[in-house]
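S.K.: Below is a structure I'd like to ask you about.
Residue numbers (our numbering): 5 to 136.
Next comes the structure, spelled out in C-alpha coordinates:
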(Lines of atoms letter the chains of each structure in order from A and count residues from 1; the text may use other names and numbers.)
(Lines give C-alpha, C1' and ligand atoms only; values in the text may rest on other atoms or scores of the structure.)
Protein backbone atom coordinates (compact mmCIF):
# COMPACT_ATOMS: atom_id res chain seq x y z
CA UNK A 1 0.00 0.00 0.00
CA UNK A 2 1.19 3.45 -0.89
CA UNK A 3 0.11 6.76 0.58
CA UNK A 4 1.25 10.35 0.37
CA UNK A 5 2.41 11.90 3.65
CA UNK A 6 2.84 15.53 4.60
CA UNK A 7 5.94 15.17 6.77
CA UNK A 8 9.13 13.78 5.22
CA UNK A 9 9.95 12.04 8.53
CA UNK A 10 6.88 9.83 7.94
CA UNK A 11 8.00 8.88 4.42
CA UNK A 12 9.52 5.53 3.49
CA UNK A 13 10.76 7.04 0.23
CA UNK A 14 10.87 10.54 -1.25
CA UNK A 15 10.08 11.02 -4.93
CA UNK A 16 11.17 14.15 -6.77
CA UNK A 17 12.06 15.35 -10.24
CA UNK A 18 15.61 15.80 -11.51
CA UNK A 19 15.19 19.57 -11.80
CA UNK A 20 13.86 19.86 -8.24
CA UNK A 21 16.63 17.62 -6.87
CA UNK A 22 19.32 19.81 -8.44
CA UNK A 23 18.06 22.75 -6.39
CA UNK A 24 18.93 20.78 -3.21
CA UNK A 25 15.83 21.75 -1.21
CA UNK A 26 16.08 21.28 2.53
CA UNK A 27 13.41 18.54 2.54
CA UNK A 28 15.53 16.40 0.18
CA UNK A 29 18.74 17.03 2.11
CA UNK A 30 17.03 16.12 5.40
CA UNK A 31 15.57 12.95 3.89
CA UNK A 32 19.02 11.87 2.69
CA UNK A 33 20.57 12.57 6.09
CA UNK A 34 17.83 10.53 7.76
CA UNK A 35 18.58 7.63 5.43
CA UNK A 36 15.30 7.89 3.54
CA UNK A 37 15.80 6.84 -0.07
CA UNK A 38 15.24 9.57 -2.65
CA UNK A 39 14.00 8.47 -6.06
CA UNK A 40 14.60 10.96 -8.85
CA UNK A 41 12.23 11.02 -11.82
CA UNK A 42 13.70 12.40 -15.04
CA UNK A 43 10.49 14.32 -15.69
CA UNK A 44 7.11 14.77 -14.05
CA UNK A 45 5.25 12.52 -16.52
CA UNK A 46 2.65 9.80 -16.13
CA UNK A 47 5.00 7.20 -17.63
CA UNK A 48 7.81 8.08 -15.19
CA UNK A 49 5.46 7.93 -12.21
CA UNK A 50 3.91 4.64 -13.40
CA UNK A 51 7.34 3.04 -13.78
CA UNK A 52 8.28 4.15 -10.28
CA UNK A 53 5.08 2.67 -8.80
CA UNK A 54 5.77 -0.67 -10.50
CA UNK A 55 9.22 -0.83 -8.90
CA UNK A 56 8.46 0.57 -5.43
CA UNK A 57 9.11 -2.74 -3.61
CA UNK A 58 12.77 -2.70 -4.59
CA UNK A 59 13.13 0.70 -2.89
CA UNK A 60 12.06 -0.75 0.45
CA UNK A 61 15.01 -3.15 0.27
CA UNK A 62 17.33 -0.25 -0.60
CA UNK A 63 16.15 1.71 2.44
CA UNK A 64 16.95 -1.22 4.71
CA UNK A 65 20.53 -1.51 3.42
CA UNK A 66 21.06 2.27 3.63
CA UNK A 67 19.75 2.30 7.19
CA UNK A 68 22.22 -0.46 8.11
CA UNK A 69 25.09 1.51 6.56
CA UNK A 70 24.12 4.64 8.49
CA UNK A 71 24.00 2.60 11.70
CA UNK A 72 27.54 1.42 10.87
CA UNK A 73 28.60 5.07 10.59
CA UNK A 74 26.96 5.83 13.96
CA UNK A 75 28.83 2.89 15.52
CA UNK A 76 32.09 4.22 14.06
CA UNK A 77 31.38 7.58 15.72
CA UNK A 78 31.03 5.83 19.08
CA UNK A 79 34.23 3.82 18.54
CA UNK A 80 36.20 6.99 17.73
CA UNK A 81 34.69 8.77 20.75
CA UNK A 82 35.75 5.80 22.89
CA UNK A 83 39.38 6.10 21.81
CA UNK A 84 39.83 4.20 18.53
CA UNK A 85 42.27 6.00 16.24
CA UNK A 86 40.41 4.88 13.10
CA UNK A 87 37.48 2.72 12.03
CA UNK A 88 36.99 1.05 8.66
CA UNK A 89 33.41 0.70 7.39
CA UNK A 90 32.11 -2.02 5.08
CA UNK A 91 32.17 -1.35 1.31
CA UNK A 92 29.12 0.56 0.00
CA UNK A 93 27.88 2.08 -3.23
CA UNK A 94 28.65 5.75 -3.95
CA UNK A 95 25.28 7.10 -2.80
CA UNK A 96 25.41 5.27 0.53
CA UNK A 97 29.02 6.37 1.12
CA UNK A 98 27.93 9.96 0.45
CA UNK A 99 25.32 9.67 3.20
CA UNK A 100 27.86 8.09 5.55
CA UNK A 101 30.33 10.93 4.84
CA UNK A 102 27.60 13.47 5.69
CA UNK A 103 26.80 11.78 9.01
CA UNK A 104 30.48 11.53 9.93
CA UNK A 105 31.22 15.12 8.90
CA UNK A 106 28.27 16.39 10.96
CA UNK A 107 29.98 14.74 13.95
CA UNK A 108 33.29 16.53 13.24
CA UNK A 109 35.11 13.42 12.05
CA UNK A 110 37.30 12.92 8.99
CA UNK A 111 36.14 10.27 6.54
CA UNK A 112 38.09 9.16 3.48
CA UNK A 113 37.01 6.67 0.80
CA UNK A 114 39.52 4.02 -0.24
CA UNK A 115 39.57 1.22 -2.80
CA UNK A 116 37.87 0.68 -6.13
CA UNK A 117 34.23 -0.07 -6.89
CA UNK A 118 32.51 -2.25 -5.88
CA UNK A 119 34.81 -2.68 -2.85
CA UNK A 120 35.17 1.06 -2.10
CA UNK A 121 34.90 1.75 1.64
CA UNK A 122 35.26 4.57 4.15
CA UNK A 123 37.87 4.90 6.86
CA UNK A 124 36.99 7.24 9.74
CA UNK A 125 39.46 9.33 11.76
CA UNK A 126 39.29 11.85 14.57
CA UNK A 127 40.02 15.44 13.50
CA UNK A 128 43.44 16.62 14.66
CA UNK A 129 45.04 20.02 14.87
CA UNK A 130 47.27 19.15 11.90
CA UNK A 131 44.68 20.16 9.33
CA UNK A 132 42.06 17.48 9.81
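In this text, a Cβ means the ideal position worked out from N, Cα and C, and glycines have one as well. Every value quoted in this text rests on a predicted model; they were computed, and no experiment measured them.
1. Could you pull the start and end residues of the alpha helix (DSSP H) that residue 33 belongs to?
2. Where in the region 82-109 do unbroken runs of the beta strand (DSSP E), each at least 3 residues long, occur, reported from the N-terminal end onward?
3. Less than 7 Å between C-beta atoms, sequence neighbours within five positions excluded: which residues of the same chain meet that for residue 48?
4. Touching or not, the region 77-85 and the region 52-60, by the rule of three or more beta carbon pairs under 8 Å?
5. On the DSSP bridge assignment, give the partners of residue 25 in chain order.
6. Grouping DSSP H, G and I as helix and E and B as strand, with all else coil, what is residue 65?
7. Give a yes or no on whether the C-beta atoms belonging to residue 117 and residue 126 are separated by under 8 Å.
M.R.: If we stick to the structure as given:
1. Residue mapping note: residue 33 aligns to position 29 of the chain shown, counting from 1. Looking at the DSSP string, the run of the alpha helix (DSSP H) that includes residue 33 is 30-37.
2. 90-92
3. As a working note, residue 48 is residue 44 in the chain shown. Correct list, in chain order: 21.
4. At 8 Å Cβ cutoff, the stretches do not touch.
5. As a first step, residue 25 must be located in the chain shown, where it is residue number 21. Its beta-bridge partners do not exist; DSSP assigns none.
6. Position 61 of the chain shown, counted from the start, is the residue given in the question as residue 65. Note: residue 65 maps to helix in three-state DSSP.
7. In the chain shown, counting from the first residue as 1, residue 117 sits at position 113. In the chain shown, counting from the first residue as 1, residue 126 sits at position 122. For residue 117 and residue 126, yes; Cβs fall inside 8 Å.
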